[in-house]
Amino acid sequence: MGIEAGASGQLCSQAGAWEQGGKPGGRSKGKETMAEKPIGLEEARERTRRLATPKPAETISLSEALGRVLAEDVKAPRDFPPEARSRRDGFAVRSGDTLGATRERPVLLERLPGLLAAGHFPSIALKAHQCARVVTGAPLPDGADAVIAQEHVKAQGSWIVVSEPFAPGSHVIPAGEEARTHRTVLHRGTCLNPTALAILVNLGVGKTTVFGKPSAALLATGDEVAEPEEKAPGPGVFASGRYILSLLVRLWGGNADSLGIARDDPDEIARRLDDARADLVVTTGGTGHGERDLIAQVWNSLGIAPVFQRIRATPGHRTALGCRGSQIFLALSGNPWAARVIFQELAAPLLAAWQGIQALERFEVPAVITEGVTKRRGETRAIPGVCDFSTAPPRFHPSRSAPGEYLESIGFANAYVLLEEGVDHLPDGGTVTVRFFDLPLWVETRLKASNP
C-alpha cells in the first residue's frame, strides 16, 4: 500500500479510540488523549506527512509518465550531440582558410559537390581552401571547425567568396554542448512535466523509473446526498465534495476510486470502508457530534486509530485522520469548500510524499490584501479569494458574496490565504502569503523551483 508497517504504527499506537463525547460505544468522559485534543494545522500537517513513505518504484513508458516522479537520477548515456553540428544553413569551412579575408581582398573557397543534411554522417573531409554546403543540425565534415551562414557569402560557380574572417567555432554546436556523458540531467524527485519528458526523448530514453502511484478511495455519506444525475432527496445536496476531491487526487498524481454514497447507517458505512483497497480512504460528512454523525462510531468498530480528530482551523475544524494497518483514513466535513482547503493542506502533501517528494514546498507569492479581515484568535482561518497579477505587487481580493452568489464567488477564487492562530486582524493593505487552488503536482513543484 505504500506505507511501511512502522511508519503509521508509532502515531497510531498513541491514539486509541475516537472520543465520542459519551455516546454509546465511546469512552467515558475524562482526560483528553493526544488524538482527542484539537491540534494546530501545522502539527496536523507534520503528523500527516510522517505517515507516508515513498511507494515502490516502477518502470513505465514516457507516454504514461506525465506528472510522475522520478525514482532515480537520469544521466546522459552519451554526449549530446555526439558530434559537432551546424547552427545555420550555410557552408562548413576550415576557419584558418578565412584569415585575412576582406571586402577588398576576399578569399575563394572551392565548394565540394553535394549537401550535408541533419541525420546523415558526412563521407567527406575538407582539405585546404575547400568548403561543404550544410543545413542546420548537420554534422560537420572532418577538418571543418566553423560554419559561414549562407547570407554572408557569394556564390561564384563552384566557388564561394568570403569577405571577412571567421573564428573557430563560429555557428557550430560543439559535441556535448547540451549534455555530457554520465552527467545528471534530471534528478530523483523531479516531477515530470512536458519539458522534462522532452529532455528524456532528446536523450533517446523511451522508458523511465518512477515512484508508484498512490491510490485514494472516496466515500460520500448522508441520507441527503445524491449523485448529480439523480434527484436530490427532499432538501438534499449533491456529492460535490467527493467529486472535487476525486479530481484533486488525480491532479496530484494519484488514482481515485469512487466508493459511491453511503446512507446514514453505520453498518453500510463500515462495510464500504472495510472493503476499500486504497492507500488513502476519504469520507465526506458525518464528522460532527449529531445523532447522524457516524464516522467516529464506524472508525472505532473497524479499529481505525485516530492520529487526530479535530484541528484548530476554519473551515475544516472537524477534520480527522486515522490509520489501520497500512491504510490512512481522512474524514472531512460535508462542506465542499472545507474539503478543498483541507485537501490542499493535508492530503496533497501526503500524496506527494508517497511519490517521493518528502518535503513538499508549496508555491506561494506575497500579495497586498484589498479588504481587512478579522477572525477569532487561536485558530487558523482560510480566506478564499482572487489573486490579481495585473499589478505589482499582486493584489489579493477576498471572496465576498451577497445572497445567491456563494457558488459564483467560490468558483472565481483561484487562491487562498491562511491567517495563522496568533493573528486576529489583518488590515486592508496588509501583506499576505497566497497559495493557489487546483495546480497539478508537476505545475506546483515547477513554480516553486523557479521562484525560490
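According to my numbering, the residues represented by the sequence shown are 774 to 1225, in order. Here a beta-carbon is modelled for each residue, glycine too, at the ideal position from N, C-alpha and C.
For arginine 1168, the enclosing beta strand (DSSP E) starts and ends at 1168 to 1171.
Alanine 1186 places its beta carbon less than 8 Å from that of serine 1172. Under the Cβ criterion (8 Å, minimum of three pairs), the region 872 to 889 does not count as touching the region 1009 to 1028.
The three-state secondary structure of glutamate 883, taken from DSSP, is strand. When beta bridges are read from the DSSP output, glutamine 929 appears opposite Trp932. Less than 8 Å divides the Cβ of aspartate 852 from the Cβ of arginine 953. Comparing alpha-carbon positions, the option among Arg1045, Pro1088, Thr1057 and Leu1053 lying closest to serine 1074 turns out to be Arg1045. Considered as a whole, the region 1033 to 1103 harbours 1053 to 1057, 1078 to 1081 and 1093 to 1097 as its complete beta strand (DSSP E) runs of no fewer than 3 residues, in chain order. Under the Cβ criterion (8 Å, minimum of three pairs), the region 1123 to 1135 counts as touching the region 841 to 849. Secondary structure of valine 1114 (DSSP, three-state): helix. Pairing histidine 944 with isoleucine 921, the inter-Cα distance amounts to about 7 Å. One Cα belongs to valine 926, the other to cysteine 904, and the distance between them is close to 12 Å.
For alanine 1140, the closest C-alpha among the options Asp1066, Thr1087, Phe1169 and Thr821 is that of Phe1169.
The C-beta distance from leucine 992 to threonine 1056 rounds to 5 Å, short enough to fall under 8 Å. About 6 Å separates the beta carbons of proline 854 and alanine 948, which is inside the 8 Å limit, making them a contact pair.
Note that the C-beta distance between isoleucine 1077 and phenylalanine 1116 is not below 8 Å. Using a Cβ-Cβ distance cut-off of 8 Å, the region 1083 to 1102 and the region 1028 to 1038 are not in contact, since fewer than three pairs of beta carbons, one from each stretch, lie closer than that value.
Below 8 Å, enough C-beta pairs join the region 970 to 983 and the region 829 to 837 to call them touching: three or more.
Glycine 863 is bridged by DSSP to Val907 and Ala922. Assignment of leucine 1105 by DSSP, reduced to helix, strand and coil, places it in the strand class.
Taking C-beta atoms as the reference points, leucine 1192 and arginine 1219 fail to come closer than 8 Å.
A distance of 8 Å or more separates the beta carbons of alanine 1111 and glycine 1158. Sequence-distant Cβ neighbours of leucine 881 in its own chain, meaning closer than 8 Å and more than five residues away, are His902, Gln929, Trp932, Ile933, Val934 and Val935. Taking C-beta separations shorter than 7 Å and ignoring five residues to either side along the sequence, the partners of aspartate 1161 in its chain run Pro1167, Arg1168 and His1170, following chain order. For glutamate 831, the enclosing beta strand (DSSP E) has its first and last residue at 830 to 834. The beta carbon of glycine 910 sits closer than 6 Å to the beta carbons of Arg858 and Ala891 from its chain, once the five residues preceding and following it are set aside; these are given in chain order. Cβ neighbours of aspartate 862 within its own chain (closer than 8 Å, five residues either side excluded): Val907, Val908, Thr909, Ala922 and Gln923.
Judged by DSSP in its simplified three-state form, glutamate 1000 adopts coil rather than helix or strand. By DSSP's assignment, arginine 1154 forms a beta bridge with Thr1087 and Leu1192. Judged by DSSP in its simplified three-state form, aspartate 846 adopts coil rather than helix or strand. Remark: C-beta atoms of proline 938 and leucine 872 approach each other more closely than 8 Å.
By the neighbour-count criterion, in which a residue is buried when 16 or more other Cβ atoms sit within 10 angstroms of its Cβ, lysine 810 is exposed. Going by beta carbons, leucine 899 and proline 912 fall outside the 8 Å limit.
Nearest Cα to aspartate 1040 within the set Tyr1016, Arg1065, Arg1050 and Ser896: Arg1065. Looking only at Gln1082, Pro987, Thr994 and Ile1156, the smallest Cα-Cα distance to threonine 1143 is reached by Ile1156. Membership of serine 868 in any alpha helix (DSSP H) is not indicated, and neither H nor E is assigned to it by DSSP.
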